[in-house]
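Residue numbers (my numbering): 141 to 428.
This is the structure we're talking about:
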């Protein structure tokens, strides 16, 4: 059972970011070839929860919109306090009044990733203002050594991970991965960052890896700054697609980390259903 104290709710403001580039539009891929990155930030119209992380010819594509804030301190607070499952409320523009849900976060550029229905997404433009009802940081299970973070209390309760018979977290995951596969994000504070998996193709033991999948990363302690720790495990949700850059790849927002002894993973390499668009948006709608 999670803590009985009420976690704080803060209405935080974000601005829909524009996709950005420098005067040199190229990046260099893992083979030393130049490419023009697309899909990194801004508003991505043709990518959704449930799509493969390798579906687009893009660089770190995330479904929906990326939010940030022009004030660096406000941007950091927005990202640190926003949690998976938080409700998003569009305040300005053609889609004002519509609601969405937080899928996760990206460290670079201090971004919160928010999904909406396709009909709403088409109405959103860069610089539209969206408020996030941030809540979830501070959640804990007093009986466990594991830390819970980056996830709303409503979503964590809905996932119903705690096994009453043995007290462990029983979690369905697409796969388990070794911490040696983690690239960008290692050593970074998890309330502000995601972790990139250095994968350029689907691992042989799974049918696919999709946006919304749950994955477990072994020998990784992510309670504070993510780093190697033997016998510990971190659990997260896939929030963005792959990248041609060396050291980068599909991104994971971590929301659980603790000793392996507190977990019992149900590995589902083929028929895994993680977070769905329907679950996130339905839960956000119930918060109205």
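Glycine included, every Cβ here is placed at the ideal spot set by N, Cα and C.
Assigned secondary structure, residue i (DSSP; H/G/I helix, E/B strand, else coil)
i, result
"residue 329", "strand"
"residue 269", "strand"
"residue 309", "strand"
"residue 419", "helix"
"residue 425", "helix"
"residue 410", "coil"
"residue 153", "strand"
"residue 260", "helix"
"residue 174", "strand"
"residue 346", "coil"
"residue 287", "strand"
"residue 296", "helix"
"residue 337", "strand"
"residue 404", "strand"
Proximity winner among the options, relative to residue i (alpha-carbon distances)
i, options, result
"residue 420", "156, 292, 313, 201", "292"
"residue 109", "216, 219, 273", "Missing from the structure shown is residue 109; the chain here goes from 141 to 428 and no further."
"residue 397", "416, 285, 418, 204", "285"
"residue 231", "224, 215, 253, 151", "151"
"residue 188", "386, 426, 378", "378"
"residue 248", "260, 208, 155, 373", "208"
"residue 186", "192, 203, 412", "203"
"residue 192", "380, 385, 411", "380"
"residue 218", "252, 195, 194", "252"
"residue 228", "271, 147, 370", "271"
"residue 418", "258, 173, 149", "258"
"residue 261", "341, 182, 175, 297", "182"
"residue 342", "297, 195, 264, 212", "195"
"residue 297", "313, 279, 305", "279"
"residue 304", "415, 402, 199", "402"
Short Cβ contact (9 Å threshold) for residue i with residue j
i, j, result
"residue 423", "residue 295", "yes"
"residue 233", "residue 197", "no"
"residue 179", "residue 352", "no"
"residue 354", "residue 311", "yes"
"residue 245", "residue 360", "no"
"residue 323", "residue 389", "yes"
"residue 287", "residue 369", "no"
"residue 283", "residue 256", "no"
"residue 347", "residue 386", "no"
"residue 374", "residue 336", "no"
"residue 161", "residue 266", "no"
Exposure of residue i, with buried meaning 16 or more beta-carbon neighbours within 10 Å
i, result
"residue 334", "buried"
"residue 275", "buried"
"residue 163", "exposed"
"residue 393", "buried"
"residue 315", "buried"
"residue 412", "buried"
"residue 154", "buried"
"residue 148", "exposed"
"residue 85", "With the chain covering only 141 through 428, there is no way to say anything about residue 85."
"residue 277", "buried"
"residue 433", "What the structure shows of the chain is the stretch from 141 to 428, and residue 433 is not part of that stretch, so it cannot be assessed."
"residue 254", "buried"
"residue 319", "buried"
"residue 176", "exposed"
For residue i, the residue or residues it bridges with in DSSP
i, result
"residue 354", "377"
"residue 187", "Bridge partners of residue 187: none, in fact."
"residue 229", "239, 271"
"residue 252", "207, 245"
"residue 196", "Partner(s): none; residue 196 has no beta bridge."
"residue 393", "377"
"residue 318", "358"
"residue 365", "329"
"residue 398", "373"
"residue 302", "309"
is_contact[residue i, chain D] using C-beta, thresh 9 Å
i, result
"residue 391", "In summary, chain D is missing from the structure at hand, where a single protein chain is found."
Heavy atom of the ligand ZN within 8 Å of residue i beta-carbon
i, result
"residue 234", "Inclusion of the ligand ZN in the displayed structure is not the case, the ligand content being empty and no account of it being possible."
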